[in-house]
Amino acid sequence: MTRFLQDQAAGLRDLMSLRTNTSARVITIAGGVNGVGKTAVAINLASALAEKGKRVLLIDENACPNNICAKLGLKARFDLIHAINQDRRLDQVILSGPENVFVLSALRGIHALPKLDLASQQKLVKSFRQLSDLIDVILIDTAIGGETHVLPLSLASEQVMVVLSGSVTSLTGSYALIKMMSLEYGKKHFLIFVNKTDTKQSSQTVFDSFSHIVRQYLSVSLEFAGFTVTSEKMYQANRLCQPVVNVFPTSEVANNFRQLADNVIYSNCMDHFDGEIEGFMQRLIHTSHLSMTNLTV
45 MTRFLQDQAA GLRDLMSLRT NTSARVITIA GGVNGVGKTA VAINLASALA EKGKRVLLID
105 ENACPNNICA KLGLKARFDL IHAINQDRRL DQVILSGPEN VFVLSALRGI HALPKLDLAS
165 QQKLVKSFRQ LSDLIDVILI DTAIGGETHV LPLSLASEQV MVVLSGSVTS LTGSYALIKM
225 MSLEYGKKHF LIFVNKTDTK QSSQTVFDSF SHIVRQYLSV SLEFAGFTVT SEKMYQANRL
285 CQPVVNVFPT SEVANNFRQL ADNVIYSNCM DHFDGEIEGF MQRLIHTSHL SMTNLTV
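To convert, note that position 17 of the sequence shown is 61 in my numbering; the numbers rise steadily by one, no gaps.
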C-alpha cells in the first residue's frame, strides 16, 4: 500500500530533526534510447546512496507502466501538477519508497512549467525551498522521446549521468544527446554509466570507445561513473518491485551500484550552482521552454 509522507511516522516531519546545512546534489539521469535500464539505475543508485545515509528524492518524468512508481509497486495518486495548482501540499504529493528514498511523480507538472505565471513560479520555488534541509540528493529520471524535458532538466542540474549499453543505437542516441547539450547549450561535464554488458572489461571497452568518439568531435569532459553486467538478480529484484541493493545486498550487481554511489558522491564532474534546491527549481523554470526537437547525430 502506498504510504504518504504525511501519514507515516518516518515522513518529512521526522526528517526535520536531521537538518543539515549541506546543499543537496541534483543529478539528472538520461539515456539516448529506450531499453538501457535507466529507471532501474536511478532506483538502485538511490537505494545505494540511502545505505550511505543520504536522503534521496527521486523525481520521475516517466509515465506508467515504465516509471519509478510502477517498478517499486507504488501507486501515485498525485503529481507535481497538484502542488503547482495548490490542490495538495508538496509533502502530500511525495511518496515514501525504500528507506530514506522518496518519490515525486512529475510528468504533468514538468510539462506545465513553461505556462506558469510569475506568482505560480514563486509559490513552486517556495515549496521546494522547504526540502532544502530534508533531502541530500535529488535524482531525476527523465523520459525518452519527443515529449521529454531532458534538456531543461539536465541544464538545471549540477550533474548529468548518461546511461548507455553497448548497442549501436544506444551509443548513437547518447552521442546525439551529449552533442545537443554541448554545442547548443554549453554543457561540458557528463558522467557515463555502462549498463547490462557481459563483463567488467567489456564495460570499460564500451566507455573507452564511446569516449574516444565523443572527445574527437566535442569539447566535453566524460567520467566513467560505473557499470553493471547482465544479472539474473536484477530481473528477480524487478519482479519483486524492490531495489537489488535491498533484496540481494551481497550480489555483484548490488556492489556495482554501491560503487556507483561512491563515484557520484566524490565526483568533481559537475557544474557548480548556487541556491540549493530552490535554485534548481528556478533554473528548471527558466529553461523549461527548451525542447529536444533538434536532436540529431
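Glycine is no exception: its CB is placed at the ideal position from the N, C-alpha and C atoms.
Residues bridged to residue i (per DSSP)
i	result
Thr-72	Ile-184 and Val-204
Val-297	Answer by DSSP bridge pairing: none, since Val-297 is not bridged.
Ser-149	Asp-104
Ile-236	Val-206 and Phe-268
Thr-216	Note: Thr-216 sits in no beta bridge, so no partner.
Thr-241	Val-273
Segment limits, beta strand (DSSP E) that includes residue i
i	result
Ser-265	265–273
His-256	Note, His-256: premise wrong, no beta strand (DSSP E); alpha helix (DSSP H) at 244–261.
Asp-211	It should be noted that the sequence gives Ser, not Asp, for residue 211. It is not in any beta strand (DSSP E) - Ser-211 carries neither H nor E in the DSSP assignment.
Residue i burial status per 10 Å Cβ neighbour count (16 or more: buried)
i	result
Thr-72	buried
Ile-329	buried
Ala-231	For the record, residue 231 in the displayed sequence is Lys; it is not Ala. The residue in question, Lys-231, is buried, as its Cβ has 16 or more Cβ neighbours within 10 Å.
Asp-104	buried
Tyr-279	exposed
Met-325	buried
Asn-65	Since pLDDT at Asn-65 reaches only 40, below the 50 mark, its modelled position is unreliable, and no value is offered.
Leu-284	exposed
Gln-203	buried
Ile-236	buried
Ala-305	buried
Glu-143	exposed
Lys-115	buried
Tyr-219	buried
Thr-294	exposed
Lys-267	This sequence places Glu at residue 267; Lys is not what is there. Result: buried.
Ala-107	exposed
Glu-95	buried
Arg-69	buried
Ala-120	buried
Ala-163	exposed
Gly-141	buried
Ile-257	exposed
Leu-227	exposed
Beta-carbon separation (whole angstroms), residue i vs residue j, contact threshold 8 Å
i	j	result
Arg-342	Ile-179	Look at the range of the chain in this structure, 45 to 341, and you will see that residue 342 is not part of it.
Gly-76	Ser-201	About 17 Å; that fails the 8 Å criterion.
Leu-262	Lys-223	6 Å
Glu-320	Ser-176	5 Å
Phe-234	Val-264	6 Å
Ser-332	Leu-168	With a Cβ gap of about 11 Å, Ser-332 and Leu-168 do not count as contacting.
Ile-154	Leu-124	7 Å
Ile-138	Asp-185	Not quite, the Cβ-Cβ distance comes to about 15 Å (not below 8 Å), so this is no contact.
Val-194	Ala-74	5 Å
Glu-322	Phe-172	5 Å
Asn-78	Ile-188	5 Å
Residue range of the alpha helix (DSSP H) that includes residue i
i	result
Lys-167	162–173
Phe-88	Correcting the residue identity first, residue 88 is Asn in this sequence and not Phe. It spans 82–95 - the alpha helix (DSSP H) in which Asn-88 sits, taken as one unbroken run.
Gln-326	320–331
Val-289	288–291
Cys-285	Counting along the chain, Cys-285 falls outside any alpha helix (DSSP H), and DSSP gives it neither H nor E.
Ile-179	That residue, Ile-179, is in no alpha helix (DSSP H); it is neither H nor E in DSSP.
Leu-116	112–116
Leu-124	124–128
When you compare the segment 231–244 with the segment 263–275, are there three or more beta-carbon pairs, one atom per stretch, that lie closer than 8 Å? With the cut-off at 8 Å, the segment 231–244 and the segment 263–275 touch.
Is it the case that the segment 122–133 contacts the segment 82–90, given that we only count it when at least three CB pairs across the two stretches are under 8 Å? Segments in contact, no.
Examine the Cβ distances between the segment 141–154 and the segment 93–108 and report whether three or more of them are shorter than 8 Å. yes
Could you tell me whether the segment 244–254 touches the segment 204–219, using the rule of 3 or more Cβ pairs below 8 Å? yes
Between the segment 89–97 and the segment 285–295, do three or more beta carbon pairs fall short of 8 Å? yes
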